[in-house]
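This report concerns only the one structure given below.
In my numbering, the protein residues as written are 11 to 150.
The structure is reproduced here in C-alpha cells:
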C-alpha cells in the first residue's frame, strides 16, 4: 500500500467532518468554554500574592520580596494588605521592564530593589523615565 492509499484510509471524508460539526463530542469544549475567559481567584493574603521575606516594623510590613509578574498584577492588593510598605525587592523582571515602568502603584513606594536582575543601561533609562516612579530604584 502506497503513501496515498494510506492517507485516504486515515483521513476522514467530508461527510464525516459535517457529522462531527452537527453532533460534537461530549468531550469537546463548548463555544462558551472557549469564548469565556477563566479568571483566577483574587489573592486574599500577602502569601497568596507570592510575597516572601517580609520585613516588619512596629507590627506593620514595610518591606517584602516578590516576583516582578506578581507585583505588576497584584501591586494594588499588596499595598492594600501592607499600607506602610516602603520597599519591594523584585525578582525576575528582566523581561518586564516596560510593564514595570508603567505600573501606577510604583509611585507609592520609597524604593524598588532590583539587584540581581541584570538590568542594562537602556532598561534602566526606561525605568527611570517612567511616569510612576518610586523615590529610588536600587540596581547592582
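Quick reminder that beta carbons are idealized off the backbone N, C-alpha and C, glycines included.
These figures come from a predicted structure and were not determined experimentally.
With respect to residue 117, residue 142 sits close: the two C-beta atoms are nearer than 8 Å. Taking the Cβ atoms as the reference, residue 73 lies roughly 6 Å from residue 96, within the contact range of under 8 Å. About 6 Å separates the beta carbon of residue 110 from that of residue 78, a gap short enough to meet the 8 Å contact definition. Counting of Cβ neighbours within 10 angstroms places residue 113 among the buried residues, the total reaching 16 or more.
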